[in-house]
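Heads up: the sequence shown begins at 107 in the working numbering, then just goes up one per residue.
Let me begin by presenting the structure, written as structure tokens, before commenting on it.
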Amino acid sequence: MALKKLLDTLKLSAKEAVVDGEHASLSELKRYLHVERKIEKDLSSLILESGSRDQSSLILVLGNVGDGKSHLLARMWEMHKEILDTFKVYNDATESRSKHKSYLENLAEVFSPYRDGELSTGKQIVKTIIAINLGTLANFLEHVGEEFNGLRKYVEDWRLIDPENTDSAPPVNDHFFSVNLTDYQIFDLQPDGARSNVLLEVIRRIVAKNADNPFYAAFLQDYKEDSAESYCPIRYNFEMLGLPSVQTALSELIVKTVLVDKLIISVRLLMNLVYDLIVPAEFAQMNDEEIHQRVIEAKYQKDFYSHTLPVLLFESGSTSNILKSISGYDPVDGGSEELDEKIIKIGTSDNRRDYFVIDKLLQDKDPLFRVIQLLDTAQTISLYLRLRFLKIDSVKLAASPFDLYIKYLYLYNSGDIKAMLPLYKEVQNAIYLWNGLTFGNSARINLNIGRKQSLFQISQKLELQFVPTTILAMSDASKFSSNLSLAFKVLPHEKIFSLSIDLPLYELIAKINNGYRPNRIDKSLQVKFTQFVNDVSKFEAQNKELMIQEFTGENKQVFTLQFTPGFDDFQFKKNA
Numbered sequence: 107m108a109l110k111k112l113l114d115t116l117k118l119s120a121k122e123a124v125v126d127g128e129h130a131s132l133s134e135l136k137r138y139l140h141v142e143r144k145i146e147k148d149l150s151s152l153i154l155e156s157g158s159r160d161q162s163s164l165i166l167v168l169g170n171v172g173d174g175k176s177h178l179l180a181r182m183w184e185m186h187k188e189i190l191d192t193f194k195v196y197n198d199a200t201e202s203r204s205k206h207k208s209y210l211e212n213l214a215e216v217f218s219p220y221r222d223g224e225l226s227t228g229k230q231i232v233k234t235i236i237a238i239n240l241g242t243l244a245n246f247l248e249h250v251g252e253e254f255n256g257l258r259k260y261v262e263d264w265r266l267i268d269p270e271n272t273d274s275a276p277p278v279n280d281h282f283f284s285v286n287l288t289d290y291q292i293f294d295l296q297p298d299g300a301r302s303n304v305l306l307e308v309i310r311r312i313v314a315k316n317a318d319n320p321f322y323a324a325f326l327q328d329y330k331e332d333s334a335e336s337y338c339p340i341r342y343n344f345e346m347l348g349l350p351s352v353q354t355a356l357s358e359l360i361v362k363t364v365l366v367d368k369l370i371i372s373v374r375l376l377m378n379l380v381y382d383l384i385v386p387a388e389f390a391q392m393n394d395e396e397i398h399q400r401v402i403e404a405k406y407q408k409d410f411y412s413h414t415l416p417v418l419l420f421e422s423g424s425t426s427n428i429l430k431s432i433s434g435y436d437p438v439d440g441g442s443e444e445l446d447e448k449i450i451k452i453g454t455s456d457n458r459r460d461y462f463v464i465d466k467l468l469q470d471k472d473p474l475f476r477v478i479q480l481l482d483t484a485q486t487i488s489l490y491l492r493l494r495f496l497k498i499d500s501v502k503l504a505a506s507p508f509d510l511y512i513k514y515l516y517l518y519n520s521g522d523i524k525a526m527l528p529l530y531k532e533v534q535n536a537i538y539l540w541n542g543l544t545f546g547n548s549a550r551i552n553l554n555i556g557r558k559q560s561l562f563q564i565s566q567k568l569e570l571q572f573v574p575t576t577i578l579a580m581s582d583a584s585k586f587s588s589n590l591s592l593a594f595k596v597l598p599h600e601k602i603f604s605l606s607i608d609l610p611l612y613e614l615i616a617k618i619n620n621g622y623r624p625n626r627i628d629k630s631l632q633v634k635f636t637q638f639v640n641d642v643s644k645f646e647a648q649n650k651e652l653m654i655q656e657f658t659g660e661n662k663q664v665f666t667l668q669f670t671p672g673f674d675d676f677q678f679k680k681n682a
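Right, here's the structure in full:
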């Protein structure tokens, strides 16, 4: 089974996953699987620029553990071997060349030519490129003395360790250059939404029906159209992964894992995901003959269902962090009134398979269609909902908080300030409602004073002014801020309060605008927003006026407590 052998190279644990960035180490298969990204072009430009200068230069390739820095360096060797031969290239900044030295001592040696004194004399020209994790760089700068002030200033000016949105470019440096993998998203922002073109390209490299694809050539070699192995899940999943609608659905799920669950996903992890979706865990350690004997067993038809992509995608949470995250978006857990009615019909029907054909989810010749009769009601309904998501819903999704957030992300990163006004209004309304409805529903906010009680409601005026925030407009669809940064003034004051919004917070804000009242769990999960509301409330408390609403049975009485500064005068009156 030539296909299984090739697919095994995609596993994270495969020896092919190891890349040495200190020389050209990409095999022919790795070169075929390579997906070009914007960071590759940017690093290539820095190497060309640095290589042409008659002065010392240091290129930092920054990122996190396992994000592909080594592969990126290996790719640079393929493109610029002659130039890199003049560089000192370090694939792993934490690796010490001596057992008697710590990695920090080793780094001090690597960075030694870039001490302030060395750079100022210009006596020796040294060119270095080093792959280093952000945390490692931060630790190094924390432990070294004043001799690296130039490097430290560059890191601060370029906000490499503590990034923040800005509307101005950092100053150019003659000696220090960097690319940061955390700046480049695994998905792209487009006017019509977000999609992971990197994932789509990885999938296409593996399942594309063309002569240059070694995976497809192996697929044709292993399987015949009407072979006895029609129930082989590897064959079935490989073909299903080639469907554009399935690829679109996977792209949406990947975007959600990044924005909601904050996963850091590399190209290598995407390849491992493709492997997990094609090869069931039971088959991972099997050889060709063992797989063949397993799939031709008569009793295997029942197991075939649990080995197909719709099940592997949402029920393999223990396999990888990506699949664990994806399991949280199982369409079985969602629903609508229309779908609920369909589910009831399927669950009570004697001909459940008909619904799969009518809704164009499966054809009657499909192996998965043939095993539906072996499934229980819960499995049948789960399969229907998942196939619907993979083949229908992902193509024509209705507007949702997720879609709106992606829209705002695109507008924000494009510098379209005017189009952000509706978002400001949504956030303002959520601020007013964070502690519940206020008296008269005016520009007021409730205050939590003392123990929680239901006899009184205390509120104050809070007039917010929107402060538009601007950043450098994105120059590439994959390089952008994944958070929205907003700012407000508390009138009549000039102090500005900034707020960063991610997808989970926006989804909660959208719910509040639709009538939802945040509970204690919401407030504990959104600590930063809770603190933001508290900060603006405390600041506005300087206006010295509170409104108190008393609840006595069905009667409501409203009082105002006002303090006049300079006279120590309190006035407490009942409102008409």
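No residue lacks a Cβ here, since even glycine has one placed at the ideal position from N, Cα and C.
So, with DSSP's three-state summary, where would you put residue i?
i	result
residue 596	strand
residue 234	strand
residue 119	coil
residue 284	strand
residue 111	helix
residue 300	strand
residue 138	helix
residue 676	strand
residue 569	coil
residue 651	strand
residue 603	strand
residue 589	coil
residue 446	helix
residue 250	coil
residue 662	strand
residue 212	helix
residue 258	helix
residue 407	helix
According to the Cβ coordinates, are residue i and residue j closer than 8 Å?
i	j	result
residue 163	residue 281	yes
residue 170	residue 240	yes
residue 173	residue 287	yes
residue 321	residue 592	no
residue 663	residue 679	no
residue 622	residue 507	no
residue 492	residue 475	no
residue 195	residue 231	no
residue 185	residue 151	no
residue 253	residue 221	yes
residue 431	residue 361	no
residue 446	residue 299	no
residue 51	residue 590	Because the chain spans 107 through 682 in this model, residue 51 falls outside it and cannot be assessed.
residue 52	residue 138	An answer regarding residue 52 cannot be provided, because it is not within the stretch 107 to 682 covered by the chain.
To the nearest whole angstrom, what separates the beta carbons of residue i and residue j, a pair I think is in contact under 8 Å?
i	j	result
residue 198	residue 237	7 Å
residue 217	residue 257	7 Å
residue 189	residue 145	About 18 Å; that fails the 8 Å criterion.
residue 456	residue 463	That pair is no contact at about 15 Å.
residue 553	residue 643	6 Å
residue 337	residue 406	6 Å
residue 192	residue 157	7 Å
residue 168	residue 284	6 Å
residue 596	residue 568	7 Å
residue 340	residue 543	Contact doesn't hold; Cβ gap of about 57 Å is too wide.
residue 618	residue 536	4 Å
residue 118	residue 374	7 Å
residue 551	residue 571	Not a contact, Cβ separation roughly 15 Å.
residue 588	residue 291	7 Å
Could you check which residue in the options has the C-alpha nearest to that of residue i?
i	options	result
residue 308	576, 483 and 136	136
residue 579	279, 295, 479 and 639	295
residue 577	585, 571 and 570	585
residue 479	453, 311, 553 and 497	453
residue 423	323, 528, 521 and 363	363
residue 409	477, 390, 228 and 360	477
residue 120	428, 589 and 390	390
residue 72	428, 379, 166 and 122	A question about residue 72 goes unanswered here, because the residues of the chain that appear run from 107 up to 682.
residue 629	594, 654, 583 and 541	541
residue 498	247, 347, 414 and 466	466
residue 345	319, 372, 116 and 314	314
Tell me whether residue i, by its Cβ, gets closer than 7 Å to a heavy atom of the ligand SAM.
i	result
residue 226	With respect to the ligand SAM, the structure offers nothing, as it holds no ligand at all.
- Message: With three or more C-beta pairs closer than 8 Å as the rule, is the segment 428-447 touching the segment 479-499?
- Response: yes
- Give a yes or no on contact between the segment 346-354 and the segment 364-374, applying the rule of three or more CB pairs nearer than 8 Å. no
- Item | Stretch-stretch touch, CB-based, cutoff 8 Å, three pairs: the segment 629-639 with the segment 591-608 | yes
- Query: Is there contact between the segment 381-393 and the segment 416-424, where contact requires at least three CB pairs shorter than 8 Å?
  - Reply: yes
- Item | Stretch pair the segment 179-188 + the segment 121-137: three plus CB contacts closer than 8 Å | yes
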